[in-house]
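A.B. asks: So the sequence shown is numbered by my numbering: it starts at 1 and just counts up by one.
All C-beta atoms, glycine included, are put in the ideal place defined by N, C-alpha and C.
Please read all numbers here as calculations on a predicted model, not as lab measurements.
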Amino acid sequence: MSPSKVKIAIIGGGVAGSSAALCFAGAGLDVTLFEKENSLISGPPWCHLHAGGNLYREISDSQCVSLLKQSIDFLRFYPFVVDYRPTVIALPLTDSSTPQALLPRLEMLTDEYKRLIATDKQNEVLGKPDNYYRLYTRKRLEELKEQQTLLSPQSLDEWMIPVAKMIDLDSVQYPLVMVQEYGLNLFRMAAGMTEMLESLPTVTLQTKSIVHNVQQNADTGGWNISYVKEDISHTQTFDYLINAAGFRTGKIDDLLGAPCKSMVEFKAAYVSHWEGSDGIQFPEIIFHGERGTPQGMAQFTPYPGGYFQLHGMTKEITLYEDGLVANTPFTCQPHLGQNFIEKIERSWTQEETTKRTHAAIRHLARFIPSFCSATVGSKPLFGAQQIPGSDPTLRVAEVSFPRARYARCEIVKVSSVLDMVEAIAQEFVQLGYIKSSTNLFTQHLHLDEATLSQLAVTIAKNRGYPADLACRNIPDKQEYR
Ligand SMILES: Cc1cc2nc3c(=O)[nH]c(=O)nc-3n(C[C@H](O)[C@H](O)[C@H](O)COP(=O)(O)OP(=O)(O)OC[C@H]3O[C@@H](n4cnc5c(N)ncnc54)[C@H](O)[C@@H]3O)c2cc1C
Numbered sequence: 001m002s003p004s005k006v007k008i009a010i011i012g013g014g015v016a017g018s019s020a021a022l023c024f025a026g027a028g029l030d031v032t033l034f035e036k037e038n039s040l041i042s043g044p045p046w047c048h049l050h051a052g053g054n055l056y057r058e059i060s061d062s063q064c065v066s067l068l069k070q071s072i073d074f075l076r077f078y079p080f081v082v083d084y085r086p087t088v089i090a091l092p093l094t095d096s097s098t099p100q101a102l103l104p105r106l107e108m109l110t111d112e113y114k115r116l117i118a119t120d121k122q123n124e125v126l127g128k129p130d131n132y133y134r135l136y137t138r139k140r141l142e143e144l145k146e147q148q149t150l151l152s153p154q155s156l157d158e159w160m161i162p163v164a165k166m167i168d169l170d171s172v173q174y175p176l177v178m179v180q181e182y183g184l185n186l187f188r189m190a191a192g193m194t195e196m197l198e199s200l201p202t203v204t205l206q207t208k209s210i211v212h213n214v215q216q217n218a219d220t221g222g223w224n225i226s227y228v229k230e231d232i233s234h235t236q237t238f239d240y241l242i243n244a245a246g247f248r249t250g251k252i253d254d255l256l257g258a259p260c261k262s263m264v265e266f267k268a269a270y271v272s273h274w275e276g277s278d279g280i281q282f283p284e285i286i287f288h289g290e291r292g293t294p295q296g297m298a299q300f301t302p303y304p305g306g307y308f309q310l311h312g313m314t315k316e317i318t319l320y321e322d323g324l325v326a327n328t329p330f331t332c333q334p335h336l337g338q339n340f341i342e343k344i345e346r347s348w349t350q351e352e353t354t355k356r357t358h359a360a361i362r363h364l365a366r367f368i369p370s371f372c373s374a375t376v377g378s379k380p381l382f383g384a385q386q387i388p389g390s391d392p393t394l395r396v397a398e399v400s401f402p403r404a405r406y407a408r409c410e411i412v413k414v415s416s417v418l419d420m421v422e423a424i425a426q427e428f429v430q431l432g433y434i435k436s437s438t439n440l441f442t443q444h445l446h447l448d449e450a451t452l453s454q455l456a457v458t459i460a461k462n463r464g465y466p467a468d469l470a471c472r473n474i475p476d477k478q479e480y481r
């Protein structure tokens, strides 16, 4: 069969389904992408690239290595989404571990980064490997504290100046670590992805379309997909089905009777506004802490315009009582409580937004005292995500093939999408749909920056978020000294 005759159905227009649509339509297959919302990338939020997994002390070295490699691939393929600012990692005095315990992993990741560059020079997207991380003593921070903050930091030391000035230097252990872990902007991904998919003649974008039934044809092995669009039900046939329905992946598995084991977790991040901080270029700042306890990790993610996205890994902030659920032998779809579904499908109460955002501000103000004057910036960024298997700490997962001509995508971190696409492509090669799984990621994506940034702002505003959340602090790759 020629590629243009092979019909692929993808359920879900999140980063997984959209990336699959982009790559396979780019390879000439006839792709239809079904998305129940009216725009793409409207599922749970994401803001960290995780280039090395340094936010997760509890995961294995091999997961960190996978995250490093996948993040480099992601950054190379989607550079327009990346906010090129480093991350500072601090261990509070109250933490049971020490910064020294982080060093072997950072060394191992530096070596791995060097190895990736040796295999392909173009992988050098996180700066020089010897600058992958840098340590800061208290003495050095005291020196930096006296220096002027800069609008456009050119070195790691210059990025550290506002940290030295703002954090309570008595509240953390030394050294602090600065690492080349960057930010991601999901509104820019939504805009860029829309632009790219709309320009591809081999993609049919079916937004506002809910897939409600899926049946495999016993004779052809193909799929009949039924969906509702504007109150009218339609059925179309396809050769291959990709389930990228995010936390609702299990619903489609149930329709097929596919074997499954999975979890779903509801989480939220809070948007705050800090008057007077506009114009100061902050790095991301992470204060480690044990997940699920009142000291859970605190994350301070800067945006332009004085906005900061906050996570606090406690049950009063990002995590929720009963927010993590597993499937049962009777259904592949983990049952999330109605209160979470209400939040996802309708809205938050003003009272809960205020309460949890202020809890997040207080959580960060333990280390950045002047941040206590921050206010609620907008409604939270929130959602439910899938975690395949039964290990809630799993951070690297891609795709499985539990039925013939069926791929089930279950990424945990967005950077895993290209390995996910690659695994499906290998299946397509075996089926004779495409000749090779290479060259899928080398296409040139022609994006007009003015159109993209304008659309990103429109999407953010339409979803009820400040326009600044659709903008990046540092738009272009820098070579920090
Ligand atoms: C608070 C929070 C913070 C996070 N931060 C990060 C981060 O910093 N970095 C990171 O890498 N990851 C982060 N994640 C995880 C990340 O959000 C997810 O891994 C990622 O969004 C999953 O993408 P996806 O495409 O698989 O699913 P989704 O984005 O959920 O997409 C699935 C899509 O399928 C659609 N759909 C479902 N059922 C149907 C149907 N029957 N018919 C049609 N359409 C359907 C949905 O509307 C949805 O748009 C975070 C998650 C949360 C909750």
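For V399, does the three-state DSSP call read helix, strand or coil?
C.D. replies: Looking at V399 - three-state DSSP - the assignment turns out to be strand.
A.B. asks: Report yes if the C-beta distance between A51 and L68 is below 7 Å; otherwise report no.
C.D. replies: Yes, the pair counts as a contact, with Cβ atoms nearer than the cut-off.
A.B. asks: Pop quiz: A460 and F187 are said to be a contact at Cβ under 8 Å. What is the actual Cβ separation, rounded to whole angstroms?
C.D. replies: Right, their Cβ atoms sit about 5 Å apart.
A.B. asks: Within 10 angstroms of its Cβ, does P294 collect 16 or more other Cβ (buried), or is it exposed?
C.D. replies: Exposed, because fewer than 16 other Cβ atoms sit within 10 Å of the Cβ of P294.
A.B. asks: Since G292 and L310 are thought to touch, with beta carbons under 8 Å apart, how far apart are those beta carbons, to the nearest angstrom?
C.D. replies: Going by Cβ atoms, the distance from G292 to L310 rounds to 17 Å, so no, they are not a contact pair.
A.B. asks: What's the call for N439, buried or exposed, on a 16-neighbour Cβ count within 10 Å?
C.D. replies: That one is exposed.
A.B. asks: By the DSSP assignment, the beta strand (DSSP E) with D419 in it spans what residues?
C.D. replies: D419 -> not in any beta strand (DSSP E); alpha helix (DSSP H) instead, spanning V417 to L431.
A.B. asks: Anyone know if the C-beta pair for K208 and N462 falls short of 7 Å?
C.D. replies: Result no, Cβ atoms of K208 and N462 do not sit closer than 7 Å.
A.B. asks: Taking its Cβ as the centre, do 16 or more other Cβ atoms sit within 10 Å of F300, making it buried, or is it exposed?
C.D. replies: F300 is buried by the Cβ-count criterion.
A.B. asks: Tell me the rounded alpha-carbon separation between S400 and L135.
C.D. replies: For S400 and L135, the distance between alpha carbons rounds to 40 Å.
A.B. asks: My assumption, with CB atoms under 8 Å, is that T202 sits in contact with A25. Please give the rounded CB distance.
C.D. replies: Sure, about 4 Å apart at Cβ, within 8 Å.
A.B. asks: Under the DSSP definition of a beta bridge, which residues are partnered with R248?
C.D. replies: According to DSSP, which records beta bridges pairwise, R248 is partnered with nothing at all.
A.B. asks: Between Q385 and ligand 1, is there a pair consisting of the residue's CB and a ligand heavy atom that are separated by less than 6 Å?
C.D. replies: True, at least one ligand heavy atom lies under 6 Å from that Cβ.
A.B. asks: On the DSSP bridge list, what partners appear for I286?
C.D. replies: BP columns for I286 point to I89 and Q299.
A.B. asks: At 3 residues or longer, and completely inside the stretch 197 to 249: list those beta strand (DSSP E) runs for me, N to C.
C.D. replies: Taking only runs of at least 3 residues, the beta strand (DSSP E) segments lying wholly in the stretch 197 to 249 are 203 to 206, 209 to 216, 223 to 229, 232 to 238 and 240 to 243.
A.B. asks: At 4 residues or longer, and completely inside the stretch 27 to 104: list those alpha helix (DSSP H) runs for me, N to C.
C.D. replies: With a minimum length of 4 residues, the continuous alpha helix (DSSP H) runs that stay inside the stretch 27 to 104 are 61 to 77.
A.B. asks: For the putative contact between G383 and P44, defined by C-beta atoms under 8 Å, what is the C-beta separation to the nearest angstrom?
C.D. replies: Yes, G383 and P44 are in contact; Cβ-Cβ is about 3 Å, under 8 Å.
A.B. asks: Per the DSSP calculation, I309 is bridged to which residue(s)?
C.D. replies: First, the amino acid is wrong: residue 309 is Gln here, not Ile. DSSP lists V271 and T301 as partners of Q309.
A.B. asks: Taking 6 Å as the cut-off, is the C-beta of C471 nearer than that to any heavy atom in ligand 1?
C.D. replies: No, the Cβ of C471 stays beyond 6 Å of every heavy atom of ligand 1.
A.B. asks: In three-state terms, what does DSSP make of I11?
C.D. replies: In the structure shown, I11 sits in a strand (DSSP, three-state: E or B).
A.B. asks: Quick one: grab the DSSP three-state call for C409.
C.D. replies: DSSP places C409 in strand when its eight states are reduced to three.
A.B. asks: According to DSSP, is Y182 helix, strand or coil?
C.D. replies: Coil.
A.B. asks: Can we count C372 as close to ligand 1, meaning its CB is less than 6 Å from some heavy atom?
C.D. replies: Checking the Cβ of C372 against ligand 1 gives no.
A.B. asks: Could you pull out every residue in the same chain whose Cβ sits closer than 8 Å to the Cβ of L116, ignoring the five residues on either side in sequence?
C.D. replies: Within the same chain, L116 has close Cβ partners L68, K69, I72 and N123.
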